[in-house]
Amino acid sequence: MLTVLALENNHFTGNLRHNICRNGALERVIVGGNHFRGPIPKCLRNCPNLVRISLEGNNMRGTISEAFGIYLNLTFLDISDNNFFGEIASNWGKCPKLSTLNVSMNNITRSIPLEIGNLSTLNEFDLSLNHIVGKIPKEFGKLNSLTKLILRGNQLIGHLPSEIGSLTKLEFLNLSTNRFSSLIPESLGNLLKLHYLDLSKYQFIQELPKELGKLVQLSELELSHNFLGREIPSQICSMECCNSQGLLSILSFKRKFDYVEIIRAINDFDAKYCIGSGRHGSVYRAELPSKEFLAVKKFNSPLPSDQIADQKEFFAEIEALTKIRHRNIVKFYGFCSHARHSILIYEYLKRGSLATNLSNDAAAEELDISSKNVLLDLEHKAHVSDFGIAKFLKPDSSNWSALVGTYRYVAPGNWITLWLLVVS
């Protein structure tokens, strides 16, 4: 009497036999990672002792609407990465021991049945990359055991229910690429165990709720491609890594760059890509496969005694960059704080620094310029005027021995001949 059918990760083809559960004794069907085709055998619907169903990674097709029955002992159901269609059956909400439900990468349609909210033992729920429509049921707030929820790549609409904030065990939440058009609920700040949050490619508007700053375990926050505006709340900017392997990143709302791609572009901070160094770190030039260029500022690896000060310096720069809005400020795309390194990601300006441009063969004059000498036009473009005469006097003139110009300004060329006497 067959109780376990385990054929996973082979090259089997054809259909699953229609009588694999002929005697109703089958407990485990594990056939993922093959090339099976055809529908789900009808006999599985009348196989009451099933504990595990693994059909993922095949070429199976057909409707799932009535393919499964009610299983009192079922703990695991994975039919992902196939060509199934139909709708999620309400019967699945009547499997009291179900802990993993993965239906991702199929052609499932219709809405999520309210009965799913009855799965009090559900740990992982993945409906990603289907054609699910409608709203997220408020009944999701009853999934008290849920640690991973992935609904990305569907056509969900309406409000993101505040009841999701009741899922206090949730660690991974990906709702990206849907059609929500509302505010991000403040209740997400209650998910204190959350370490990954992806709300990208929505139509969220207005601003980020400051309550997200309470997510002390959060290691990755993705909010790109929305209509969010205003300032990033300081509560988010001041978030710190809570463990040695922590990663915290917020990428630009309008652009998205891949972290691994960036590190690969500079060959894990190879010196040949370094374009400048300073007291706190070095800057690297990264060319992405898309032919885009980025400037990557890597903070120096701190000594244990300097770690707190270094982190303060890092996050202080982030906070300043998220508040400044001016066309002459280099664009800030994102940051990453990790046990190995902390980096800031900026736009790359190909002309280099002013110092580099002034150090070429072209002559440069050291002028007596103060903020009062810089005039602004109607477009706030700067124009220098009233240069003074500190540098334009000829060396053989009668004034050569005298220093002239603005008080407290000394042309650099005169430093070597000037002695200062400080009188207390």
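Per my numbering: the sequence shown = residues 873 to 1296. Built from N, CA and C at the ideal position, the CB exists for glycine as well.
*If you run the structure through DSSP and keep just helix, strand and coil, what is ALA878?*
strand
*Rounded C-beta distance between ASN921 and ASN945? I'm assuming under 8 Å.*
6 Å
*Just curious, the beta strand (DSSP E) that ALA939 is in, first and last residue?*
Note, ALA939: premise wrong, no beta strand (DSSP E); not H, not E.
*If you check the beta carbons only, do LEU1023 and SER1000 fall under 8 Å apart?*
yes
*Use the C-beta contact count for LEU888: other C-beta atoms within 10 angstroms, 16 or more gives buried, fewer gives exposed.*
buried
_Which residues DSSP lists as bridging THR1049, in chain order_ = Beta-bridge pairing links THR1049 to no other residue.
*Beta-carbon proximity list for TYR1279, same chain, < 8 Å, skipping 5 on both sides*: Residue placement at TYR1279 is flagged as unreliable, the pLDDT there being 44, under the threshold of 50; a coordinate-derived value is accordingly withheld.
*Using a Cβ cut-off of 8 Å (strictly closer), state whether GLY1224 contacts chain D.*
Going by chain labels, chain D is absent from the structure shown, which holds only one protein chain.
_Quick check: the Cα distance between GLU874 and PHE997, rounded to an integer number of angstroms?_
The question names Glu, yet the displayed sequence has Leu at residue 874. Between LEU874 and PHE997, the C-alpha separation is close to 29 Å.
_What does the alpha-carbon distance come out to for the pair ASP953 and GLY929?_
5 Å
*Would ILE960 pass as a contact of ALA939 if the rule is Cβ separation under 8 Å?*
no
*To the nearest angstrom, report how far apart THR947 and VAL923 are at their CA atoms.*
6 Å
*First through last residue of the beta strand (DSSP E) which encompasses ARG909*: 907-909
*For the beta strand (DSSP E) that contains LYS1082, what are its first and last residues?*
Careful: LYS1082 lies outside any beta strand (DSSP E) and carries neither H nor E.
_Quick check on DSSP: helix, strand or coil for GLY1118?_
Because the pLDDT of GLY1118 is 41, which lies under 50, any placement of that residue in the model is unreliable, and the number read from its coordinates should be weighed accordingly. Reduced to three states, the DSSP call for GLY1118 is coil.
*Helix, strand or coil: how does DSSP classify VAL1005 here?*
strand
*Give every residue of the same chain whose Cβ lies closer than 6 Å to the Cβ of LYS1203, excluding the five residues on either side of it in the sequence, and list them in chain order.*
GLU1219
*How close, in whole Å, do the beta carbons of LEU1066 and LEU1042 come, if the pair is a contact with beta carbons under 8 Å?*
6 Å
*Euclidean distance between Cα positions of GLU1189 and ARG1157*: 20 Å
*asked:* Between the alpha carbons of PHE1165 and TYR1145, how many angstroms are there, rounded?
replied: 12 Å
*Look up ASN963 in the DSSP assignment and say whether it is helix, strand or coil.*
helix
*Give every residue of the same chain whose Cβ lies closer than 6 Å to the Cβ of GLY1030, excluding the five residues on either side of it in the sequence, and list them in chain order.*
LYS1007
*Report the residue from GLY989, GLU1083, ALA1167, THR1019 whose alpha carbon sits nearest the alpha carbon of ARG1223.*
ALA1167
*Starting from ALA1167, trace the beta strand (DSSP E) both ways and give me its first and last residue.*
1165-1171
*For the putative contact between LEU1039 and LEU1055, defined by C-beta atoms under 8 Å, what is the C-beta separation to the nearest angstrom?*
At roughly 19 Å, the Cβ-Cβ gap does not stay under 8 Å, so LEU1039 and LEU1055 are not in contact.
*Is DSSP giving PHE1141 helix, strand or coil here?*
coil
_For GLU928, the three-state DSSP class (helix, strand or coil)_ = coil
_Tell me the rounded alpha-carbon separation between SER983 and ALA878._
32 Å
_Residues of its chain near GLY1037, where Cβ-Cβ distance is below 7 Å and the 5 sequence neighbours each way are ignored_ = PRO1057, SER1059, LEU1060, ASN1062, LEU1063
_In whole angstroms, give me the CA-to-CA distance for SER1048 and HIS1003._
13 Å
*Below 8 Å between beta carbons: does that hold for LEU1045 and LEU1069?*
yes
*asked:* Is it buried or exposed, GLY1153, if we count other Cβ atoms within 10 angstroms and call 16 or more buried?
replied: buried
*Around the C-beta of LEU1275, are 16 or more other C-beta atoms found within 10 angstroms, so that it is buried, or is it exposed?*
The predicted model places LEU1275 with a pLDDT of 44, which falls under 50 and marks its position as unreliable; any figure quoted below should be read in that light. Exposed.
_Using only the alpha-carbon positions, how far apart do LEU1071 and SER971 sit?_
24 Å
_Please report the distance separating the alpha-carbon of THR981 from that of VAL1005._
7 Å
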